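In terms of our numbering, the sequence shown has 121 at position 124, counting the first letter as 1, and numbering is strictly consecutive. Every residue gets a Cβ at the ideal spot worked out from N, C-alpha and C, and that includes glycine. Just so it is clear, the structure is predicted and the values come from calculations on it, not from any experiment.
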Amino acid sequence: MTKHNDTLCGSIVQYMPVEGDLSELLYVNGKALLDPIPGAIDRLDGTNLNVWFNLNPKRVTPRQKRRMNGFTQTNYQGGFQDECLVGFGAEPLPDTFMARLLRRRLHYFSIRMGVLSALNECYAFENM
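In structure tokens form, the structure reads like this:
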């Protein structure tokens, strides 16, 4: 963030499909938020850091108005991974995000480990 505070890389964020000044976060689609190992263990050498587990995400790209592909507000000419949004800005995640992510991770690991009884409860991770 100190080098490129207007650029974020990683998971795709979706907002509620409503017009207005307030943008409400709907969903963050990203394996890096859930799966600590991005692929086969024997092929981890050379894996880009942008696909590794993101333990504590802090920022999100603000909702954007539609524009032509490739148009940003920066003149940066360096190299970034394909999933980076160069010049699209960054803002803090909503306060409720981490509690919802923790619940999502619990459900994900319950399914991956076959502990389906953990899905019977909807734990409240409020006031974290």
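Practice problem: List the whole-angstrom C-beta distance separating Ser107 from Leu98, where the pair is believed to meet the contact cut-off of C-beta under 8 Å. | Solution: No, Ser107 and Leu98 are not in contact; Cβ-Cβ is about 15 Å, not under 8 Å.
Quiz item: Using CA coordinates, which residue listed in Ala121, Met110 and Tyr105 is at the minimum distance from Leu30?
Solution: Selected option, being the one with the closest Cα: Tyr105.
Exercise. Let me know the secondary structure DSSP gives Leu116 once reduced to three states.
Key: Reduced to three states, the DSSP call for Leu116 is helix.
Practice problem: Drop a sphere of 10 angstroms on the beta-carbon of Leu19, count the other beta-carbons inside from all chains shown, and report buried for 16 or more, exposed for fewer. | Solution: exposed
Quiz prompt | Distance between Val25 and Lys62 (C-alpha atoms, nearest Å) | solution = Straight-line Cα distance between these residues: approximately 18 Å.
Quiz item: What residue range is occupied by the uninterrupted alpha helix (DSSP H) comprising Leu23?
Solution: Not the alpha helix (DSSP H): Leu23 falls in the beta strand (DSSP E), residues Leu22 to Asn26.
Quiz item: Contact check, Asp32 vs Ala87 under 8 Å by CB: the rounded distance?
Solution: Not confirmed; about 24 Å, so no contact.
Quiz item: So what's Leu30 in DSSP terms, helix, strand or just coil?
Solution: helix
Exercise. Identify which residue in Leu41, Met13 and Val57 has its Cα closest to the Cα of Asp92.
Key: Val57
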